[in-house]
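Worksheet: one structure, shown below.
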Amino acid sequence: MGDVLAGIHATWEFGTDSVLIRFERGIRAPKLFQALRERRIPYEALESVTLRPGKRGTVVLHAVPRPGADPLMEAAAGQLKESCDPYRLVLPAEREMLAEYYADELRSSLVAHAGDTAERHLVAAPEAPLSFKAYDGRAGFDGKQVTFRWFWTGASSEKWKAGDQTFPVARLSGVEWRSPEVFDGHLRLLPRATDGTEGFAGPADRDPASVVFGLGYGPVHESLPFAAAVLAAVRGGGAGGAGGAGLSIPHQIVPVPADRRDPADIAERIRHLGDLHRAGLVTDDEFSAKKAELLAEL
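Sequence positions in the sequence shown follow our numbering and run 6 to 303.
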């Protein structure tokens, strides 16, 4: 098509085999859009296209992805609010005829198997390295492994005793993301079962393969792209790539050596301690004592 359709918070640029979605980065745009910046969606990744009336004099052009085609939407598992759906383009109602034209053009570009579940991810995941602060620790992903570094002030005793964790992608079978906007929000890594056993089934705040959200930690625009990137790596290489195809690799938690004293990590823990102190969850005496203890580790 080669045309551009500008809407509210996003612009769709139509190519011969895909649509490039560029997201607005203004302060009114959803933070998830700002984090994604832009995404190229192949037409073969789409299942259907609709155009419906929106709120307050708008119309909404909605491209629905095929199941399994987009790691971001697969990780979200239907938990995104409509306003944060990256496949919705909101336009003024006076542009309805133009939007209908592009909706028809998109429909004509859908391939015959668009209604089937995609055998592989067709939309690129957010690129590593990625990291975010959860309530009980910092999560990091470098493209090959996920690390959890616990915050003394937020992590449960079970996690603190287990120590900081490292999970190679090849040892994972998937990711469970529960939105921070609902009760018990968390990100849980799912190990590959090798002997019929399953991973930890208890609460996420006690599971060393999970980080929990809350008090503004683990927001959607940070934790969901992270989950999507890990999921894409698992599907693309960990479970079926050269490093893991046909292999049965036991899950292993690799604790970070106890004698590591990373200044950046100590500084992060002090910042987290300060956040809890300002929120009234840590007393003045607890804050001073723990801060001194952390500084002594440098």
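Glycine included, each C-beta is placed from N, C-alpha and C at the ideal position.
These numbers come from a predicted model, not from an experiment.
Query, Result
"At which residues does the alpha helix (DSSP H) containing W165 begin and terminate?", "S162 to A167"
"Tell me the DSSP secondary structure of E52 in three-state form.", "strand"
"Taking the alpha-carbon positions, what's the A123 to Y48 distance?", "12 Å"
"Rounded C-beta distance between P230 and L77? I'm assuming under 8 Å.", "7 Å"
"Buried or exposed: K164, going by 16 or more other Cβ atoms within 10 Å of its Cβ?", "buried"
"When we look at the beta-carbon of S228 and count the other beta-carbons within 10 Å, is it buried (16 or more) or exposed?", "buried"
"Thinking C-beta only, is H191 closer than 8 Å to V217?", "yes"
"Compare the beta carbon distance of I46 and V116 with 8 Å and say whether it is the shorter of the two.", "no"
"Sort out for me which residues DSSP pairs P97 with in a bridge.", "T63"
"Excluding the 5 residues preceding and the 5 following G219 in the sequence, name in chain order all residues of the same chain whose CB lies nearer than 8 Å to its CB.", "Y140, P185 and G190"
"Which value, in whole angstroms, describes the spacing of the CA atoms of L2 and A82?", "Nothing about residue 2 can be read from this structure; the chain reaches only from 6 to 303."
"Do T158 and L300 have their CB atoms nearer than 8 Å?", "no"
"Three or more C-beta pairs closer than 8 Å, one from the region 46-65 and one from the region 208-217: is that the case here?", "no"
"To the nearest angstrom, report how far apart Y92 and W17 are at their CA atoms.", "10 Å"
"To test your reading of the DSSP string, which unbroken beta strand (DSSP E) runs of 3 or more residues are found completely within the region 90-156?", "93-97, 135-138, 142-146 and 150-155"
"Just to confirm the assignment, what range does the alpha helix (DSSP H) spanning Q39 have?", "K36 to L41"
"How far does the beta strand (DSSP E) with E18 in it reach, from first residue to last?", "A15 to F19"
"Taking the alpha-carbon of W182 as reference, which of A175, A234 and M102 has the nearest alpha-carbon?", "A234"
"Does DSSP put R197 in a helix, a strand or coil?", "coil"
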